[in-house]
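Using this note's numbering, read the sequence shown as starting at 26 and increasing by one per residue.
This report concerns only the one structure given below.
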Amino acid sequence: MPMTRRDALRAGVGAAVSLGTPQLLAQSDQAVLKPIPSSGETITPIGIGTNRYGVGESEDERAPLRDTMARFIELGGQVMDTAAAYGTSEAVIGDLAMELGITSELFLATKTDIRGQIRGVEGFRNSFERLRAEQIDLMMVHQLVNADTEIPIMREWKAANRFRYIGASVSSRDQHGEMEQFMLDNDVDFVQFNYSLGDRDVAERLLPTAADRGIAVMINLPFRGARRSLFNVVEGQALPEWAAEFDCTSWAQFFLKYIISHPAVTVAIPGTRQVRHVEDNIGAARGRLPDAAERRRQEELFDSLA
Ligand SMILES: NC(=O)c1ccc[n+]([C@@H]2O[C@H](COP(=O)([O-])OP(=O)(O)OC[C@H]3O[C@@H](n4cnc5c(N)ncnc54)[C@H](OP(=O)(O)O)[C@@H]3O)[C@@H](O)[C@H]2O)c1
């Protein structure tokens with residue numbers, strides 16, 4: 026029996042990767058890019074998550090974040106994921122990107138204001154102001170809150186070219202059913218949800234549904250967050266020698282390559298505030314990605330340690 030697209034996705038076959046990326050990555054034919062299905066635009070599949078960028082105004086607090094963002098862009102990174110709910114994160118990113126002159130180079134993704142409960146147009150205007158941007162690359166409904174009323178307004182703003190892409194995010198297993206229904210009911214460009222070697226249930230339904238519907242997927246909590254971190258599981262363990270066969274030199278790259286080698290995944294957004302971690306993480310967007318058999322081997326190893 027021929028393999029269907031859904032079967033292929035489950036098996037992790039046929040990763041949609043291509044070579045060549047902006048900036049430094051472009052100087053090497055080792056770079057991985059992945060396409061956004063609704064447009065065909067390709068992006069570097071490792072971004073930065075910024076739910077800990079909600080700092081104050083002091084140089085002490087902001088300097089490490091500025092350095093991290095500068096290095097990220099220098100290495101060919103694009104996607105920064107933030108949200109109105111992450112304290113001052115949007116404003117910090119907006120200020121630092123302006124100072125560095127990189128606002129137009131970033132792929133800025135943010136989310137509706139579920140903390141301030143500011144809906145629709147007013148919330149969007151606040152995000153533009155804080156991010157100091159003319160256009161926001163991706164606006165998402167945060168945690169699917171008020172999706173029915175937010176999505177139609179977001180669609181209008183996309184038509185007016187203020188948002189390039191629209192979508193929605195969740196981050197826990199108990200929201201996955203609702204996210205699946207959202208994808209089936211709505212014509213959107215992107216969804217965001219959690220996936221990692223330690224949390225693989227989205228491979229059953231959400232990832233195949235996103236692929237079938239032509240929706241790009243942004244993965245949050247790629248290290249399973251700080252509290253249940255995957256790094257704790259592998260603490261004291263040497264990286265297996267066979268990881269070098271898919272150009273992997275650290276546990277972070279082992280975890281991230283597993284995620285972005287899934288054919289339905291477009292980009293993962295590891296949260297970091299450190300230059301050395303950006304350098305490590307962006308390394309996952311270089312060289313070979315694990316194939317289906319190697320992905321199974323990664324799962325077996327992780328499960329044996331967990
Ligand atoms: N519903 C939603 O929309 C939703 C919910 C949750 C999260 N998110 C998004 O997803 C992003 C990612 O989630 P997260 O930041 O909570 O968790 P995560 O990315 O799974 O893990 C972040 C942790 O990993 C550490 N880390 C990063 N790179 C590392 C490396 N190379 N080696 C060792 N440690 C490393 C970070 O510390 P350092 O700072 O020291 O690098 C931090 O402690 C968030 O920032 C946010 O943008 C969205």
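C-beta: ideal position from N, C-alpha, C; glycine also.
Please read all numbers here as calculations on a predicted model, not as lab measurements.
Own chain, CB closer than 7 Å to residue i, minus 5 neighbours either side, in chain order
i	result
Val242	Val216, Leu232, Ala235, Ala289, Val290, Thr291
Asn211	Ile176
Gly74	Asp106, Asn245, Ile294, Pro295, Gly296
Arg313	Phe271, Asp272
Phe248	Ser221, Ser254, Leu255, Phe256, Phe280, Pro295
Glu86	Val80
Asn306	Ile71, Ala277, Leu281, Pro295, Thr297
One or two residues paired with residue i in a DSSP bridge
i	result
Lys76	Checking the sequence, you will find Asn at residue 76 rather than Lys. Paired residues: none, contrary to the question.
Arg311	Ala56
Thr67	Pro60
Leu135	Here the sequence assigns Thr to residue 135, which means Leu is not the residue at that position. In DSSP, Thr135 forms a bridge with Met164.
Asp226	None, per the DSSP bridge assignment.
Tyr190	Leu163
Asn245	Asn219
Gly296	Gly74
Asp106	Gly74, Ala134
Beta-carbon proximity check, residue i vs residue j, cutoff 8 Å
i	j	result
Phe280	Leu222	yes
Gln160	Val195	no
Gln278	Gly308	yes
Met179	Ile191	yes
Thr128	Arg150	no
Arg198	Asp226	yes
Pro62	Ile240	yes
Own chain partners of residue i with C-beta closer than 8 Å, once the 5 adjacent residues on each side are dropped
i	result
Arg140	Ala109, Ala110
Pro89	Arg298, Gln299, Val300
Ser152	Ala109, Glu115, Thr135, Asp138, Ile161, Met164
Glu181	none
6 Å CB neighbourhood of residue i in its chain, flanking five on each side removed
i	result
Thr113	Gly79
Ala310	Val57, Thr69, Pro70, Ile71
Leu50	The predicted model places Leu50 with a pLDDT of 46, which falls under 50 and marks its position as unreliable; any figure quoted below should be read in that light. If we look at Leu50 and ignore the five residues flanking it on each side, its Cβ neighbours are Ala56, Gly101.
Ile285	Pro70, Ala293
Pro47	Model confidence at Pro47 stands at a pLDDT of 39, short of 50, so the residue's coordinates are unreliable; what they give is reported in the following sentence. The answer, listed in chain order, is Gly101.
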